[in-house]
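J.: Sharing a structure, written as structure tokens. Questions coming.
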Amino acid sequence: MLEELTAVFPILSCILFLPVVGAIVLWLIDDEDMVRSSTLTIALVELALSVFVLLRFVPESAAMQFAERVEWIPALGISYHLAVDGISVLFVGLTAFLSVLVVIYSWDTIRHQVKLYMMCLLALETTTMGVFLSLDLILFFVFWELMLIPSYFLIKLWGGGADRHYAALKFVIYTLLGSVFMLVGIALLDINYHQWASLHHSDHAYSFDLLELLTVPIPMSQQILIFWLMFLGFAFKAPVFPFHTWLPDALLEGPIGMAVVLAGLKLGTFGFIRFSIPLLPDASKSDTIVTVVVVLGLCAILYGAWMALVQPDFRRLLAYSSVSHLGFVVVGLFALNYQGLQGSLLTMINLGFSTAGLFFIAGFLYSRQQTTELSAFGGMAKQVPLLATFFLIIGLASIGLPGTNGFVGEFLILLGAFEAKWWVGSIAVLGVIFGAAYFLWYYERSMLGPLGSSVKSTMSDLQLREMVIAVSLSIMILWIGLYPSPFLRIMNGSVQALVDRLHHDKTAALEQSITERR
Amino acid sequence: MTFVLNLSFSDLLLLLPEIFLTCWLCVVITVDFVSPQLPKDRLAYLSVGGLLATLGCLAWFDVNQVSGTLFGDMFVLDRMAIFFKIFILGATILVILASIEYVDRFTLFRGEYYVLVVMSALGMMFMASANDLLSVFVSLEFSTLGFYILVSYLRDDLASNEAGLKFFILGVFAAGLFAYGISLVYGETGKLVFSDMTSTQATPGLIIGFLLIFAALGFKIGAVPFHSWIPDTYHGAPTPVTAFLSIAPKGAALAILLRIFLVALGTFKPTWIYLLVVVSIVSMTYGNIVAIAQRNIKRLLAYSGIAQIGNVLIGLAAGTKMGNDAILFYLLAYLFANIGAFAVVIAVSQAIGRDEIEDYRGLGRRSPFLAFSMLLFLLSLAGVPPLAGFIGKLYIFIAAIKEGLYTLITVGLINIVISMYYYLIVVKQMYINEPIDPSPISISGPMKAVIYVGLAGTLVIGIYPQPFTDWVVAATLKFANFVAPAATVTPPSLLIGS
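Protein chains in written order, with our numbering: chain A, 293 to 810; chain B, 99 to 596.
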């Protein structure tokens with residue numbers, strides 16, 4: 293993952309800044325329908341650019357591709373460094389894809405302050421892209437923090453719940469608390485680099501560049517300290533149990549569009565696989581850390597599933613199922629073997645389709661009954677057969693039925709977990725059973741059986757825009773479920789390089805190639 | 099000490115900005131007396147013109163690296179002094195432009211207001227160059243004299259009078275401490291110039307003397323526990339004066355603190371680091387926690403200012419060239435965000451007549467421009483990327499973490515989270531709550547200019563900080579020679595976390 297292919301054309305910068313430039317253009321437009329269609333155009337162009345990057349991406353390669361690098365603040369060693377590799381490129385595509393769907397979804401569900409909403413949405417897209425594209429840790433941190441501002445406004449201004457002010461503030465304060473610790477971790481990495489560079493009389497005094505930081509050995513005690521600092525930052529964001537308490541509030545109180553982005557894009561766990569594990573391989577391997585993190589992951593799987601079982605509100609259920617799924621991802625990551633890492637990465641992408649998809653379904657339900665409480669539903673399959681069908685497809689993907697994308701990811705994670713420690717795998721399996729239970733139970737009570745008393749008989753089935761969302765998600769779910777190899781091929785090279793880095797044998801060879809590169 | 103005064107013309111060149119500004123001050127006051135019918139905003143523009151010319155002269159000094167000392171080292175003009183002078187002049191210009199409308203509220207002596215502001219600025223310019231305990235004392239009192247009058251300028255307003263009285267009594271008390279400190283230090287060392295004191299022994303008299311001096315300067319920058327005057331004075335003073343008070347004297351006093359701690363006391367770093375760590379932690383925590391409870395925007399900014407000074411002191415505690423650079427950079431970021439925030443406060447209070455945070459209800463609807471500017475200024479003060487405040491905080495933290503001050507950093511970071519809470523309270527009022535009176539707010543031309551400058555500074559320093567980091571690094575380059583012995587002293591092991 294240390295090779296770098298420089299871009300001929302700064303396409304990543306275009307992807308990064310197109311939405312925010314679009315947001316500024318939106319400011320000048322007054323007509324609401326114009327605003328909607330312009331936002332959709334911008335999101336579609338963004339998707340086209342991302343698909344182009346995905347198509348031109350060289351699979352089975354560990355190289356950083358489409359790289360761009362400009363010095364930003366040389367005095368502090370901060371640069372503007374963008375690139376994608378097998379780990380991040382799929383997230384770029386996913387972000388663009390989900391943004392298009394969110395814009396389509398918001399078309400007629402958002403009725404007041406449409407322009408500001410769309411501007412916030414586009415700003416959020418830029419910051420999310422920035423998190424996935426940045427290779428400089430400060431640049432990464434900038435986007436990581438900036439994401440809070442549009443999110444805060446989205447939850448506060450367009451949230452449906454009565455407690456949305458509390459939820460928005462809680463979300464911002466929790467994430468900020470985590471990220472200040474992460475900032476210390478980042479600064480320590482920089483200081484470590486500085487000490488190493490001054491010993492070796494390198495001309496770079498400071499650096500926050502991931503690729504440069506990777507070349508420097510870090511003492512074990514420092515690694516452990518930095519690991520925990522960065523862990524806090526990522527764990528609050530992910531959120532890893534027990535830092536998850538903001539998530540149900542934010543997802544329930546915020547608008548559906550925001551929930552899709554928050555629950556669909558696994559930024560926190562992306563942080564682990566992008567920064568923590570490669571930068572701090574020895575700490576990540578150490579027994580204490582693996583045990584603590586994996587146990588937290590297992591707790592999350594069981595606790596999340598258990599809590600989801602008793603939630604009468606569908607969005608709260610989804611929030612807890614999200615916590616449970618993140619537990620799987622964490623367990624897979626810290627199995628620290630090929631299958632585990634690959635499975636976690638694929639699961640993160642899968643959740644972008646299935647969890648986000650279920651939030652769209654929640655939105656469809658909400659727009660019909662003005663609530664997602666279970667009591668408002670019952671036996672709706674006859675009334676709305678299409679909605680019920682897509683609900684089932686996406687839901688089954690979320691619980692990992694074979695043939696859907698969820699199965700591939702969870703299977704790989706469990707494989708990795710069993711290979712690492714048998715007891716971890718066997719506890720994690722329980723989560724799959726619980727997952728099936730809470731989803732099927734809710735589905736049965738809301739869609740099947742006799743018609744619920746409060747269900748209107750005039751309830752309409754999926755509209756055109758809703759169909760577009762449901763169908764495109766289902767296509768992706770079945771595609772990854774039945775033919776995952778294009779996706780796995782894209783990530784293989786980078787995952788392999790990460791495994792090599794973790795298991796020292798080939799590290800020497802890697803370092804050799806770095807010195808040649810310089 | 100023998101004092102030989104032989105000034106050549108080239109020596110006087112070093113004093114050119116101050117001499118020019120003094121003459122200009124006389125011109126402004128004469129114009130005010132000669133033609134009392136002249137609209138007072140003309141006087142404001144006249145003062146700004148003089149300040150701009152002085153600024154240009156200093157910029158010329160900076161580019162051509164003019165430097166030197168005068169009056170037996172009492173007055174030093176190095177690039178750091180030039181930096182602080184430009185800083186002070188910039189703040190003064192913005193404050194004058196922001197006052198033009200506000201001055202109509204004064205019943206008497208509207209013209210003299212500008213003269214007093216420029217006079218205080220002149221005093222602070224001398225502070226930036228003071229390199230000797232006596233010149234520090236004289237210039238400090240000179241600049242504070244103007245402030246004593248300015249704070250109580252709203253003659254009929256009880257709060258303003260109370261503010262003036264509090265500021266005056268505590269200010270005089272601080273001056274007394276300062277004079278006593280000087281006498282002790284002089285008694286122990288027999289020296290007044292900072293750079294002569296470098297290798298003296300730490301005797302009890304010297305320690306007490308410097309503690310007293312630190313207390314007096316701590317009073318100027320408003321660090322806890324010398325902050326008690328700040329909330330009431332900021333609250334009662336005319337808002338432009340509050341804005342001025344929250345920036346310029348802090349900058350000037352920090353110039354002196356840097357010279358005292360890094361030059362005169364450089365070798366005692368292992369001792370004074372504890373003092374600074376404690377004061378910094380207490381300032382940040384106290385300022386931020388008390389700010390949460392505030393209902394008045396000026397009081398909120400006062401407490402946030404106390405917390406910001408705590409952050410600045412982190413850089414001083416680092417005690418290295420990098421820490422010094424970081425302080426200068428932080429002050430630049432703070433200048434634009436704070437002046438901008440106060441400009442918005444002035445604009446809102448011109449329309450509404452009150453400064454309660456409640457009055458900011460629905461500002462996003464009433465004036466999107468003011469609300470958005472305020473949002474950016476507050477976020478910059480909180481340290482949200484990619485605004486100037488973030489880079490400033492990052493710079494300071496990196497400087498401190500390099501010295502192993504982990505305790506300090508942890509407290510600083512937790513404080514960022516706390517501060518976010520009360521800044522968001524204001525944001526919530528502006529954007530979430532509906533306005534009671536939805537009529538739009540009009541903003542005058544000069545005020546708009548100030549806000550635009552604040553916005554430009556906040557954004558440009560945040561997004562493209564390169565020229566500014568270069569500037570602060572160059573500003574302390576020569577100054578760093580003095581710092582060298584201190585930098586070799588390792589920080590005490592107690593503060594190293596791991």
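In this text, a Cβ means the ideal position worked out from N, Cα and C, and glycines have one as well.
Of all the options A/A611, A/I593, A/C306 and A/I653, which has the alpha carbon lying nearest to the alpha carbon of A/A762?
T.: Counted from its first residue, the first sequence places residue 762 of chain A at position 470. Of the candidates A/A611, A/I593, A/C306 and A/I653, the one whose C-alpha sits nearest the C-alpha of A/A762 is A/I653.
J.: With 16 other CB atoms within 10 Å as the buried threshold, where does A/W319 fall?
T.: Walking along the first sequence from the start, residue 319 of chain A turns up at place 27. With fewer than 16 other Cβ atoms within 10 Å, it is exposed.
J.: If you measure beta-carbon to beta-carbon, which residues of the region 462-483 of chain A are closer than 8 Å to chain B?
T.: For the region 462-483 of chain A, which is checked against every Cβ of chain B, the residues closer than 8 Å are V464, I465, L468, L469, V472, F473, L475, V476, A479, L480, D482 and I483.
J.: Pull the bridge partners of A/E665 from the DSSP assignment, please.
T.: As a first step, residue 665 of chain A is located in the first sequence; it is residue number 373 there, counting from the start. In DSSP, A/E665 forms a bridge with A/D605.
J.: What's the C-alpha gap between B/S108 and B/C155?
T.: Against the second sequence, residue 108 of chain B aligns to sequence position 10. Against the second sequence, residue 155 of chain B aligns to sequence position 57. The straight-line gap from Cα to Cα measures roughly 15 Å.
J.: Using a Cβ-Cβ cutoff of 8 Å, what residues of the region 480-495 of chain B are near chain A? List them in chain order.
T.: Residues V482, P483, P484, F488, I489, L492, Y493 and F495.
J.: Only counting runs of 3 or more residues, tell me where the beta strand (DSSP E) segments fall wholly within the region 333-385 of chain A, in order along the chain.
T.: Listed in chain order, they are 356-365 and 370-376.
J.: Which term fits A/H617, buried or exposed, when burial requires 16 or more other beta carbons within 10 angstroms of its beta carbon?
T.: In the first sequence, residue 617 of chain A corresponds to position 325, counting from 1. Classification of A/H617: buried, given that the 10 Å Cβ count is 16 or more.
J.: For A/T467, which three-state DSSP category applies?
T.: For the purposes of this step, residue 467 of chain A is taken as the residue at position 175 of the first sequence. The answer is helix: DSSP assigns A/T467 an H, G or I state.
J.: How many angstroms separate the CA atom of B/F475 from the CA atom of B/V551?
T.: Position 377 of the second sequence holds residue 475 of chain B. Position 453 of the second sequence holds residue 551 of chain B. Answer to the nearest angstrom: the Cα atoms are 12 Å apart.
J.: Would A/L374 pass as an interface residue toward chain B - the criterion being a Cβ-Cβ separation below 9 Å?
T.: As a working mapping, residue 374 of chain A is identified with position 82 in the first sequence. No, A/L374 does not count as interfacial toward chain B.
J.: Under 9 Å, do A/M522 and A/G451 count as touching if we go by C-beta distance?
T.: The residue labelled residue 522 of chain A in the question sits at position 230 within the first sequence. The residue labelled residue 451 of chain A in the question sits at position 159 within the first sequence. The answer is no: Cβ separation not under 9 Å.
J.: Excluding the 5 residues preceding and the 5 following B/F580 in the sequence, name in chain order all residues of the same chain whose CB lies nearer than 7 Å to its CB.
T.: As a first step, residue 580 of chain B must be located in the second sequence, where it is residue number 482. Summary for B/F580: the model assigns pLDDT 48, below 50, so the residue's position carries little reliability; its value from the coordinates is reported in the next sentence. Hits under 7 Å: S293, L360, V361 and G364.
J.: Can you check whether the C-beta of A/F445 is within less than 9 Å of a C-beta belonging to chain B?
T.: Along the first sequence, one-based indexing puts residue 445 of chain A at 153. It does: the Cβ of A/F445 has a partner Cβ on chain B nearer than 9 Å.
J.: Against chain B, does A/E352 count as a neighbour if the rule is that its beta carbon must be under 9 Å from one of theirs?
T.: Walking along the first sequence from the start, residue 352 of chain A turns up at place 60. Taking Cβ atoms only, chain B never reaches closer than 9 Å to A/E352, which makes this a no.
J.: Following the continuous alpha helix (DSSP H) through B/E286, name the residue where it begins and the one where it ends.
T.: As a first step, residue 286 of chain B must be located in the second sequence, where it is residue number 188. B/E286 -> alpha helix (DSSP H) spans L256 to T287.
J.: Give the C-beta separation of A/A720 and A/A709 to the nearest angstrom, bearing in mind that I take them to be a contact with Cβ-Cβ under 8 Å.
T.: The residue labelled residue 720 of chain A in the question sits at position 428 within the first sequence. The residue labelled residue 709 of chain A in the question sits at position 417 within the first sequence. 5 Å between Cβ atoms; contact.
J.: At a cut of 8 Å, does the region 501-518 of chain B reach the region 437-454 of chain B through at least three beta carbon pairs?
T.: With a cut-off of 8 Å, the region 437-454 of chain B and the region 501-518 of chain B do not count as touching, because too few Cβ pairs lie within range.
J.: Should A/I478 be labelled buried (16 or more other beta-carbon atoms within 10 Å of its own) or exposed?
T.: Position 186 of the first sequence, counted from the start, is the residue given in the question as residue 478 of chain A. Buried.
J.: Quick one: Cα of A/S576 to Cα of A/D428, how far?
T.: On the first sequence, residue 576 of chain A is found 284 positions in, with the first residue counted as 1. On the first sequence, residue 428 of chain A is found 136 positions in, with the first residue counted as 1. Cα to Cα, A/S576 sits roughly 21 Å from A/D428.
J.: Check whether the Cβ atoms of B/V283 and B/L304 lie closer than 9 Å to each other.
T.: Indexing the second sequence from 1 puts residue 283 of chain B at position 185. Indexing the second sequence from 1 puts residue 304 of chain B at position 206. For B/V283 and B/L304, yes; Cβs fall inside 9 Å.
J.: What's the gap between the Cα of B/A277 and the Cα of B/G421?
T.: On the second sequence, position 179 is the one that residue 277 of chain B refers to. On the second sequence, position 323 is the one that residue 421 of chain B refers to. For B/A277 and B/G421, the distance between alpha carbons rounds to 29 Å.
J.: Just to confirm my understanding: we take B/L111, look at its own chain, exclude 5 residues before and 5 after, and list those with CB closer than 8 Å. What are they?
T.: As a first step, residue 111 of chain B is located in the second sequence; it is residue number 13 there, counting from the start. Excluding sequence neighbours, B/L111 sits near V164.
J.: List the residues that DSSP assigns as beta-bridge partners of A/D428.
T.: Indexing the first sequence from 1 puts residue 428 of chain A at position 136. In the DSSP output, where bridge partners are listed per residue, A/D428 has A/D501.
J.: Under 8 Å between beta-carbons, which chain A residues line up against B/L384? List them in chain order, please.
T.: Along the second sequence, one-based indexing puts residue 384 of chain B at 286. One point to set straight first is that residue 384 of chain B is Tyr, not Leu, in the sequence displayed. Under the 8 Å cutoff, chain A gives no residues; its nearest Cβ is about 19 Å from B/Y384.
J.: Using Cβ-Cβ distances below 9 Å, what residues of the region 355-383 of chain A are close to chain B?
T.: Listed in sequence order: E363, W364, I365, P366, A367, L368 and I370.
J.: Give me the Cα-Cα distance between B/G244 and B/G560, rounded to the nearest whole angstrom.
T.: Within the second sequence, the letter at position 146 stands for residue 244 of chain B. Within the second sequence, the letter at position 462 stands for residue 560 of chain B. Near 34 Å, if we compare the C-alpha coordinates of B/G560 and B/G244.
J.: Excluding five sequence neighbours on each side, which residues of the same chain lie with their C-beta closer than 7 Å to the C-beta of B/S378?
T.: Here residue 378 of chain B refers to the residue found at position 280 of the second sequence. Counting only Cβ-Cβ distances below 7 Å, and skipping sequence neighbours, we find G408, L411, I412, A415 and L506.
J.: Would you check if the region 393-409 of chain A and the region 513-527 of chain B touch, i.e. whether three or more CB-CB distances between them fall below 8 Å?
T.: Counting Cβ pairs under 8 Å, fewer than three are found: no touch.
J.: Specify, as a first and last residue, the run of the alpha helix (DSSP H) that A/G671 falls within.
T.: Locating residue 671 of chain A in the first sequence gives position 379, counting from the first residue. A/G671 -> no alpha helix (DSSP H), and no H or E assigned at all.
J.: Pick from B/E532, B/V482, B/F566 and B/G148: whose alpha carbon is nearest that of B/S517?
T.: Translated into positions along the second sequence, residue 517 of chain B becomes position 419. The option with the nearest alpha carbon to B/S517 is B/V482.
J.: Let me confirm a value: A/R328 is counted as buried when at least 16 other C-beta atoms fall within 10 Å, else exposed. Which label applies?
T.: Position 36 of the first sequence holds residue 328 of chain A. Buried: at least 16 other Cβ atoms inside 10 Å.
J.: Hey, out of A/I516, A/L524, A/S471 and A/P534, whose CA is closest to A/P573's CA?
T.: To locate residue 573 of chain A, count along the first sequence from 1; it is residue 281. Looking at the Cα atoms, A/I516 is the closest of the given residues.
J.: Roughly how many angstroms separate the alpha carbons of B/S465 and B/S540, rounded to a whole number?
T.: Against the second sequence, residue 465 of chain B aligns to sequence position 367. Against the second sequence, residue 540 of chain B aligns to sequence position 442. Answer to the nearest angstrom: the Cα atoms are 8 Å apart.
J.: Rounded to a whole number of angstroms, what is the C-alpha to C-alpha distance between A/S746 and A/M759?
T.: The residue you call residue 746 of chain A lines up with position 454 of the first sequence. The residue you call residue 759 of chain A lines up with position 467 of the first sequence. Approximately 24 Å between the Cα atoms of the pair.
J.: Following the continuous beta strand (DSSP E) through A/T750, name the residue where it begins and the one where it ends.
T.: Translated into the one-based positions of the first sequence, residue 750 of chain A becomes position 458. Here A/T750 belongs to no beta strand (DSSP E), and DSSP marks it neither H nor E.
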